[in-house]
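Let me begin by presenting the structure, written as structure tokens, before commenting on it.
Number of protein chains: 2
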Amino acid sequence: MKLLRRSILMLGLGLTSFVASADTDTIKTRWADVKVDTVASGLNHPWGLAFLGDGRMLVTERAGNLRIVAADGSVGEPISGLPEIKVRGQGGLFDLRLSPNFSNDNLIYFSYSEPETAGSDITSTAVARARLENNKLHDVKVIFSQQPKVMGGRHYGGRLAFSANGDFLFIGLGDHGHRQDDVQKLDNHTGKLVRIHPDGSVPKSNPFVNQADAKPEIWSYGHRNIQGMDIQPTTGQLWTVEHGPQGGDEVNMPKAGLNYGWPVITHGEQYGGGEVGIGFKKDGMEQPIWHWTPSIAVSGVAFYQGSQFPQWQGNLLATGLKGQQVARLEVNGDHIIHQETLNLKRRIREVKVSPDGSIYLLTDEPKGAILRLSAVK
Amino acid sequence: MKLLRRSILMLGLGLTSFVASADTDTIKTRWADVKVDTVASGLNHPWGLAFLGDGRMLVTERAGNLRIVAADGSVGEPISGLPEIKVRGQGGLFDLRLSPNFSNDNLIYFSYSEPETAGSDITSTAVARARLENNKLHDVKVIFSQQPKVMGGRHYGGRLAFSANGDFLFIGLGDHGHRQDDVQKLDNHTGKLVRIHPDGSVPKSNPFVNQADAKPEIWSYGHRNIQGMDIQPTTGQLWTVEHGPQGGDEVNMPKAGLNYGWPVITHGEQYGGGEVGIGFKKDGMEQPIWHWTPSIAVSGVAFYQGSQFPQWQGNLLATGLKGQQVARLEVNGDHIIHQETLNLKRRIREVKVSPDGSIYLLTDEPKGAILRLSAVK
Ligand SMILES: [Ca+2]
Ligand SMILES: [Ca+2]
């Protein structure tokens, strides 16, 4: 398609030569020339992706559908049996993860904007699990529902991650955009990172289980809008990314019970602009490990492991919506020591490393695509 | 001058309007619009700068002169009494620092390429101290001389820094370019960071004073070419920057007795390229806090403190030669959490924060300048 368009353009300019290779599909980076292929297209704001292990992928569309994409890129019919999802603003169907025991139990976990009652605009982020069989969900069970539900359709968070041992499910949440006053309080799930067991029960080891008036599901707080999460393979530690207000997109490594500062401190502009409100730092509040200012509108993250890009082992890949990029962050211990930017020229929602070491991206577009990054041999 | 040139250019293009403000002299940054003024010019590869406290500055030229620059920018005659300096390749007069007790003792410390015998091309980096009086140096004493001296005119290091209490002088050194085999051995000063007392004696607390065959002046080793050094005001910790081979310029926080990896590990290309030699990491060798890949040819560093740029408190400013920039690095504890690049469009050798909080830069040019960065009000 790209070749064709370019040829037409060149003819239009009175040129006759034919361009044999589309160099726009290759990104030169420090350690590798990266080939960008389109695996599938026509997905309505794809948001989450899981590899099914047999070449097929399970993909969510924010517009409210869950589909299987075959290895050849053909997109299946919507999987039936989803609960009611409120598709409005930033709300819709968000992330999905396979059960750590998927090959035996066929369970999947997914997050979405859940209306208070059928059709209501009062929503919050919920997580359900269900058994996937014959393109249909069975035994759907809501295992978490963010409290309180509120009007408005922004800052749902919605990213999911299982702990390395599979015993815990982390759920990244947001502040709804207009409920910042709740974020520093522990009696609600607004602007929180939550940790539950996969059956929805609350782990006894959660930091606030014995604190009166605190929601026991809370793992950490002071988050604005968690958009990406992944477990670091070498340490088992959860890393998250979240959106800043205007600049100040953050990378964090949330620890039990700690406060990540929103809306009191930020490296973005809302509180740190010309006048300087409370500013960047405050005792008792954690600093980010890294921030992007100006913002890239950071979305998904994944630690790289694989044979396609041997120099990238252990790097954290972070995607940007507005930033239209993959940021390759070199990690040493608990900090970043270098950043390289891969310019994709499309809004990128999520990144996953496939079993063969190639990297899959979802584009945030009404006719969104699955892209694959692999090394030019 | 810039205005004039632009006007002439515009007239040449048949334009008649007059540009009232030269916006090329302002750099827009996240937190401030930065005005760039030329304080002085006509300096032959200026390398080091110290504020004398009365508005005057002491400046080294790599070409072998030490001069006083008045507050109005007029450049004084060369100060007499310097020892013999071998000006060749990267060699010449390097850094200078005032004695911590300068207002009483009038002592200065400076580093330079010292020939083995008069006129010899066999050189190494030496540090001398002298009393400055009436544009003349008195009682010049060489307090350190890097061993061994070798042929070749590259990778001298040469940056100096006093510890916060003034009891210790750090001297950053290099590997001479072709003496990498010496860098991991402790019986020489090649590729080392050295710590001495200001009188040249060896501190009893140095890490290798009791190790047979080790040079007792060594503080840390495995450095390729230390180009910038500053003490972090809030912690008293020394931070250094050094050049990588081809990419992999580093920020380090050298601790006593530790190994910073050169030439065994690097984030640059020499050992990490297509083939991957030993690579990025090795047990017993420290990782950099930050690296620039591709290289900016990092030169000077200074921690910012001052009233001109209130949002930059505690930031580490690092200059680039090839990179023609000031990199503003936001520091949290012992790591970098954000970088912003100020494009100066000239090779920058060194950065110093002046008593009024404006930032002075030296350009690395045969007719080099002192530039001042201040906030546009
Ligand atoms: Ca934060
Ligand atoms: Ca190193």
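Protein sequences appear in the order of chains H and Y.
Counting in full-length UniProt numbering, the first sequence runs from 1 upward without gaps.
Counting in full-length UniProt numbering, the second sequence runs from 1 upward without gaps.
Glycine is no exception: its CB is placed at the ideal position from the N, C-alpha and C atoms.
None of these values were measured; they are calculated from a predicted model.
- When DSSP assignments are scanned along the region 94 to 176 of chain Y, the uninterrupted stretches of beta strand (DSSP E) that are 3 or more residues long and fall wholly within it turn out to be 107 to 115, 123 to 133, 136 to 145, 160 to 162, 169 to 172.
- Ligand 2 never approaches Glu269 of chain Y closely enough for any of its heavy atoms to be under 7 Å from the residue's Cβ.
- Non-local C-beta neighbours of Glu340 of chain Y in its own chain, meaning closer than 7 Å and more than five positions away in sequence, comprise Thr29, Arg30, Arg328, ordered along the chain.
- Contact between Tyr221 of chain H and Lys192 of chain H holds, with the beta-carbon distance rounding to 5 Å and staying under 8 Å.
- For the pair Gly279 of chain H and Ser299 of chain H, the CB atoms are not nearer than the 8 Å cut-off.
- Taken through DSSP and simplified to helix, strand or coil, Asp283 of chain Y comes out as coil.
- In terms of Cα proximity to Ile218 of chain H, the closest of H:Gln184, H:Gln227, H:Asp230, H:Ala130 is H:Gln184.
- For Glu250 of chain H, the distance from the CB to the nearest heavy atom of ligand 1 is below 7 Å.
- Pro46 of chain H is bridged by DSSP to H:Glu61.
- With respect to chain Y, the C-beta atom of Arg131 of chain H has no partner C-beta closer than 8 Å.
- With respect to the C-alpha of Ala164 of chain Y, the residue from Y:Asp187, Y:His197, Y:Val264 having the closest C-alpha is Y:His197.
- By the neighbour-count definition (other C-beta atoms within 10 Å, threshold 16), His243 of chain Y is a buried residue.
- Look at Trp290 of chain H: its C-beta is under 8 Å from a C-beta on chain Y.
- In its chain, beyond the 5 residues on either side, Gly153 have a beta carbon closer than 6 Å to the beta carbon of Arg88 of chain Y.
- DSSP places Arg328 of chain H inside the beta strand (DSSP E), whose first and last residues are 325 to 332.
- By the CB criterion at 8 Å, Ser111 of chain Y and Val127 of chain Y fall inside the cutoff.
- Under the 8 Å criterion on CB atoms, Gln287 of chain H is classed as interfacial with respect to chain Y.
- Interface flag for Asn259 of chain H against chain Y is unset, since no Cβ pair is found closer than 8 Å.
- Assignment of Trp262 of chain H by DSSP, reduced to helix, strand and coil, places it in the coil class.
- Using a Cβ distance threshold of 8 Å, His291 of chain Y and Asp249 of chain Y count as a contacting pair.
- Using a CB distance below 8 Å, no part of the region 58 to 69 of chain H faces chain Y.
- Nearest to Leu52 of chain Y by alpha-carbon distance, out of Y:Glu133, Y:Val241, Y:His189, is Y:Glu133.
- Within the DSSP bridge table, the entry for Leu362 of chain H names H:Glu350, H:Ile370 as partners.
- Only His335, Ile337, His338 from the region 335 to 366 of chain H bring a Cβ to less than 7 Å from some Cβ of chain Y.
- Using beta-carbon distances, Arg30 of chain Y counts as an interface residue toward chain H, with a partner under 8 Å.
- The Cβ atoms of Val36 of chain H and Asp25 of chain H lie closer than 8 Å to each other.
- Taking C-beta separations shorter than 6 Å and ignoring five residues to either side along the sequence, the partners of Pro100 of chain Y in its chain run Phe162, Gly166, following chain order.
- A straight-line Cα-Cα distance of about 41 Å links Val209 of chain Y and Gln232 of chain H.
- By the Cβ criterion, the region 247 to 262 of chain Y is in contact with the region 281 to 289 of chain Y, since at least three pairs of Cβ atoms, one from each stretch, lie closer than 8 Å.
- Look at Gln227 of chain H here: in three-state DSSP terms it is strand.
- In this structure, ligand 1 has no non-hydrogen atom nearer than 7 Å to the beta-carbon of Gly228 of chain H.
- Within chain H, no C-beta atom comes less than 7 Å from the C-beta of His243 of chain Y; the nearest is roughly 15 Å away.
- Lys149 of chain H is not a Cβ neighbour of Ile79 of chain H, given a cutoff of 8 Å.
- For a cut-off of 8 Å, the C-beta gap from Arg159 of chain Y to Met57 of chain Y is around 17 Å, too long to register as a contact.
- When distances are taken from the beta-carbon of Tyr221 of chain H to the heavy atoms of ligand 1, even the shortest one reaches 7 Å or more.
- Distance from the CA of Lys367 of chain Y to the CA of Asp175 of chain H, rounded to the nearest whole angstrom, comes to 56 Å.
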